[in-house]
Amino acid sequence: ETGVTQTPRHLVMGMTNKKSLKCEQHLGHNAMYWYKQSAKKPLELMFVYNFKEQTENNSVPSRFSPECPNSSHLFLHLHTLQPEDSALYLCASSQVPVVGTEAFFGQGTRLTVV
Amino acid sequence: AQTVTQSQPEMSVQEAETVTLSCTYDTSESDYYLFWYKQPPSRQMILVIRQEAYKQQNATENRFSVNFQKAAKSFSLKISDSQLGDAAMYFCAYRSRYNTQGGSEKLVFGKGTKLTVNP
Numbered sequence: 001e002t003g004v005t006q007t008p009r010h011l012v013m014g015m016t017n018k019k020s021l022k023c024e025q026h027l028g029h030n031a032m033y034w035y036k037q038s039a040k041k042p043l044e045l046m047f048v049y050n051f052k053e054q055t056e057n058n059s060v061p062s063r064f065s066p067e068c069p070n071s072s073h074l075f076l077h078l079h080t081l082q083p084e085d086s087a088l089y090l091c092a093s094s095q096v097p098v099v100g101t102e103a104f105f106g107q108g109t110r111l112t113v114v
Numbered sequence: 115a116q117t118v119t120q121s122q123p124e125m126s127v128q129e130a131e132t133v134t135l136s137c138t139y140d141t142s143e144s145d146y147y148l149f150w151y152k153q154p155p156s157r158q159m160i161l162v163i164r165q166e167a168y169k170q171q172n173a174t175e176n177r178f179s180v181n182f183q184k185a186a187k188s189f190s191l192k193i194s195d196s197q198l199g200d201a202a203m204y205f206c207a208y209r210s211r212y213n214t215q216g217g218s219e220k221l222v223f224g225k226g227t228k229l230t231v232n233p
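These protein sequence lines map, in sequence, to chains A and B. Residues 1 to 114, numbered by the working numbering, are exactly what the first sequence covers, in order. Residues 115 to 233, numbered by the working numbering, are exactly what the second sequence covers, in order.
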């Protein structure tokens with residue numbers, strides 16, 4: 001098992017569909033993150049969960065809805081997305097508040113909205 | 115707010131040669147961390163090297179080293195003896211040492227530099 005696993009690897013969905021992205025970490029970390037990676041743009045932090053509590057919502061539209069049922073699992077529920085939401089969605093985890101530890105990333109879900 | 119700038123969208127290097135990737139950042143903080151991440155075609159972001167701002171000594175990890183110039187807010191990555199497996203996107207990232215959100219780790223990334231290694 002890799003440290004951070006994301007499923008599915010690829011997803012194509014219509015604008016009226018509802019889908020979910022899943023992230024699971026096997027590192028014993030207590031913080032998890034969703035990042036959006038679009039072409040030609042820096043990675044954008046979307047959400048942060050610390051001990052299952054959402055501590056950051058970086059002005060993300062409500063059509064993206066995160067869920068963190070426990071410290072090992074993180075979901076991103078998607079509904080009525082727009083074509084501009086097509087991107088690579090990366091999940092990460094880290095141990096906080098230990099200062100200095102890096103974030104470990106999954107391989108991402110390539111999302112295409114048609 | 116902090117920003118990270120990578121001015122080289124693409125770089126290329128011959129196998130076994132040395133290449134330097136540039137990164138500058140803007141912050142009003144005095145204590146922070148800087149990172150270089152590598153993203154190969156597999157898409158997984160992998161930490162290459164970490165620098166703590168309060169340490170004057172430049173970090174090194176095998177063939178990877180940084181040139182950290184705090185006053186100039188510059189953090190370049192040098193890859194020595196480049197290998198074909200080094201081909202990837204490289205991202206520079208910044209993190210505050212002290213976060214306001216309960217210690218959570220927010221990384222601010224640059225746009226990345228695509229490195230090609232020619233055989």
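Even glycine gets a Cβ: it sits at the ideal position worked out from N, Cα and C.
| Item | Value |
| --- | --- |
| Report, in whole angstroms, the separation of the C-beta atoms of residue 135 (chain B) and residue 229 (chain B), which I expect to be a contact under 8 Å. | 7 Å |
| Which residue wins for smallest C-alpha separation from residue 152 (chain B), given the options B:168, B:146, B:172, B:164? | B:164 |
| How big is the Cα-Cα spacing for residue 95 (chain A) and residue 105 (chain A)? | 13 Å |
| Taking Cβ-Cβ distances shorter than 8 Å, what residues in chain B pair up with residue 107 (chain A)? | 156, 157, 158 |
| Taking any Cβ of chain B, which residues in the region 45-72 of chain A have a Cβ under 7 Å from it, in chain order? | 45, 48, 50, 55, 56 |
| Would you identify the three-state DSSP class for residue 61 (chain A), choosing helix, strand or coil? | coil |
| Does chain A have any CB closer than 8 Å to the CB of residue 177 (chain B)? | no |
| So, is the C-beta of residue 149 (chain B) closer than 8 Å to a C-beta in chain A? | yes |
| Are the CB atoms of residue 11 (chain A) and residue 111 (chain A) nearer to each other than 8 Å? | yes |
| Taking the straight line between their C-alpha atoms, what separation do you get for residue 148 (chain B) and residue 3 (chain A)? | 22 Å |
| Mapping the DSSP letters down to three states, classify residue 8 (chain A) as helix, strand or coil. | coil |
| Could you tell me how far apart the beta carbons of residue 74 (chain A) and residue 68 (chain A) are, in whole angstroms, since I believe they sit closer than 8 Å? | 5 Å |
| Mind listing the chain A neighbours of residue 224 (chain B)? Cutoff is C-beta to C-beta under 7 Å, in chain order. | 42 |
| For residue 207 (chain B), which option in B:127, B:176, B:167, B:126 has the closest C-alpha, if you only look at C-alpha atoms? | B:167 |
| Taking C-beta pairs closer than 7 Å, name the residues in chain A that residue 161 (chain B) reaches, listed in chain order. | 102 |
| Which residue from B:123, B:130, B:116, B:195 puts its Cα closest to that of residue 145 (chain B)? | B:116 |
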